[in-house]
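Asks: This is the structure I want to talk about, given as structure tokens.
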Amino acid sequence: MVNAKKKKVIDIYPPENKQFNVQVAKEESVFIKVQSTQKLPEEKTRMVEEEPEAISTTEEQLLEELTSYESPLSKELPLRTKIPLKTKILGIIIPLLTIGLFYYLGFIALAKVDINLTAKKLNLSLDSLPVVIDKNITESNYSQRVIPGNLFVFTESDEQEFKSTGQGKDESKAKGVITIINNYSTSPQILVATTRFETSDGKIFRLDSRIVIPGATTKDGVLQPASIDVNVTADQPGPDYNIPACTEPCKFTIPGFKGTDKF
């Protein structure tokens, strides 16, 4: 039996003045095969010291393998994150509110059209010739003085019963129609509602609504008066304002024109 001297064998040579951050997963053991031979009688026993087998792996290859080595534990595992219920609800509500806002702005708030109508004023000189209103036409014929129109007639009747709660005196105001004649100017004159008309004995009647007195016309250099019938109501109730119809033109004055040429 040949004794073999044990020698420590290192498969990685220490680098000279070099630092490498190398992590070895596990330590490997190197086994050296020792052969035994029978002792021959003529030979003296001697110690055989065998050199260890050379390791073929070079330093550079080993460093490259250790550097590229990746531990299976170093792989990152995917993390499962639990989404809160409040976040899920907000993720549903916010898109719905956004869609509703765009719908409101697009189809309700901003969906409008502004139309401006400008009336065109047309001045016609009709002089004293009559104008015919025909309900059978749809367009006006200014050369023949014919315009379209309709006649509306309304009839209304009403009856009510009331229970008397006592005795009293109920006086109503007299009403009537006054014909206003314009022989002052060819320009029309506007009178507002409640305009006063005064009789020769000081009784006041007021105009029921706003009216426009037509202007006078001229013919052969002579001023032709224009007239209009208006509704008036007595300023005070009582029989004193029951003025009978005049067979001749009755004179009413307008106190508002007092002090002017129109009075």
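Residue numbering for the sequence shown is 4 to 266, as defined by the numbering used here.
We put the CB at the ideal spot given by N, CA and C, even for glycine.
1. Can you list, in chain order, the residues of its chain whose CB lies under 6 Å from that of Glu46, leaving out five sequence neighbours each side?
2. Pull up the CB-CB distance for Val233 and Ile184, whole angstroms please, since I reckon it's below 8 Å.
3. Starting from the N-terminal side, write out each stretch of the beta strand (DSSP E) that is 3 residues or longer and does not extend beyond the segment 98-163.
4. Under the DSSP definition of a beta bridge, which residues are partnered with Thr256?
5. Drop a sphere of 10 angstroms on the beta-carbon of Phe157, count the other beta-carbons inside from all chains shown, and report buried for 16 or more, exposed for fewer.
6. In terms of alpha-carbon separation, which member of Tyr145, Gly224, Lys166, Ile216 lies closest to Ile193?
7. Would you tell me roughly how many angstroms separate the C-alpha atoms of Ile97 and Tyr106, rounded to the nearest one?
8. Determine contact between the segment 200-214 and the segment 159-168, defined as no fewer than three beta-carbon pairs at a distance below 8 Å.
9. Looking at the secondary structure, which residues open and close the beta strand (DSSP E) in which Gln192 lies?
10. Straight-line CA distance for Asp238 to Ala248?
11. Provide the residue(s) that pair with Lys166 in DSSP beta bridges, ordered along the chain.
12. Could you check what DSSP says for Asp243 in three-state terms: helix, strand or coil?
13. Counting C-beta neighbours from all protein chains within 10 Å, is the total for Thr3 16 or more, i.e. buried, or is it exposed?
14. Alpha carbon to alpha carbon, what distance is there between Gly109 and Val116?
15. Considering only the alpha carbon of each residue, which of Ile136, Gln163, Phe260 lies closest to Tyr187?
16. Roughly how far, in whole angstroms, is the beta-carbon of Gly179 from the beta-carbon of Val135, given that I think they are within contact range, below 8 Å?
17. Rounded to the nearest angstrom, what separates Ile150 and Asp137 at their Cα positions?
18. How many Å lie between Pro228 and Lys222 at the Cα?
19. Rounded to whole angstroms, what is the Cα-Cα separation between Ala272 and Pro242?
20. In the DSSP output, which residue or residues are listed as bridge partners for Asp268?
21. DSSP state of Lys222, grouped into three classes?
22. Which residue or residues does DSSP assign as beta-bridge partners of Ile214?
23. Of all the options Ile246, Ile86, Thr141, which has the alpha carbon lying nearest to the alpha carbon of Asp204?
24. Could you tell me the alpha carbon to alpha carbon distance between Glu142 and Thr101, rounded to whole angstroms?
25. Tell me whether Ile207 sits in a helix, a strand or coil according to DSSP, three-state version.
26. Buried or exposed for Phe155, going by 16 or more other Cβ atoms inside 10 Å?
27. Quick one: using the 10 Å Cβ neighbour count with 16 as the cut-off for buried, is Ala122 buried or exposed?
Replies: Let me spell this out:
1. Low per-residue confidence applies at Glu46: pLDDT is 47, beneath 50, and the placement is therefore not dependable enough to give any value.
2. Not quite, the Cβ-Cβ distance comes to about 11 Å (not below 8 Å), so this is no contact.
3. The qualifying runs are 135-137, 149-151.
4. For Thr256, the pairing in a beta bridge is given by DSSP as Glu201.
5. Exposed, because fewer than 16 other Cβ atoms sit within 10 Å of the Cβ of Phe157.
6. Sorting Tyr145, Gly224, Lys166, Ile216 by C-alpha distance to the C-alpha of Ile193 places Ile216 at the top.
7. Taking the straight line joining both Cα atoms gives about 14 Å.
8. Touching, no, given that fewer than three Cβ pairs across the two stretches are closer than 8 Å.
9. Element bounds for Gln192: 192-194.
10. Approximately 18 Å, taken between the alpha carbons.
11. According to DSSP, which records beta bridges pairwise, Lys166 is partnered with nothing at all.
12. Three-state DSSP puts Asp243 in a helix.
13. Since the displayed the chain opens at 4 and closes at 266, residue 3 lies outside it and no answer follows.
14. As the crow flies, the alpha-carbon of Val116 is around 13 Å from that of Gly109.
15. For the residues Ile136, Gln163, Phe260, the minimum Cα distance to Tyr187 belongs to Phe260.
16. Incorrect: roughly 31 Å between the Cβ atoms, too far for contact.
17. The straight-line gap from Cα to Cα measures roughly 6 Å.
18. Going by C-alpha positions, Pro228 is about 10 Å away from Lys222.
19. There is no way to answer for residue 272, as the model of the chain reaches only from 4 to 266.
20. This structure leaves residue 268 out entirely; the chain is present only between 4 and 266.
21. In this structure, Lys222 counts as strand in the three-state DSSP scheme.
22. Leu194.
23. With distances taken between Cα atoms, Asp204 lies closest to Ile246.
24. CA-to-CA, the gap between Glu142 and Thr101 works out to about 53 Å.
25. Strand, per DSSP.
26. Sixteen is the threshold: since fewer than 16 other Cβ atoms of the shown chains lie within 10 Å of the Cβ of Phe155, the residue is exposed.
27. With fewer than 16 other Cβ atoms within 10 Å, it is exposed.
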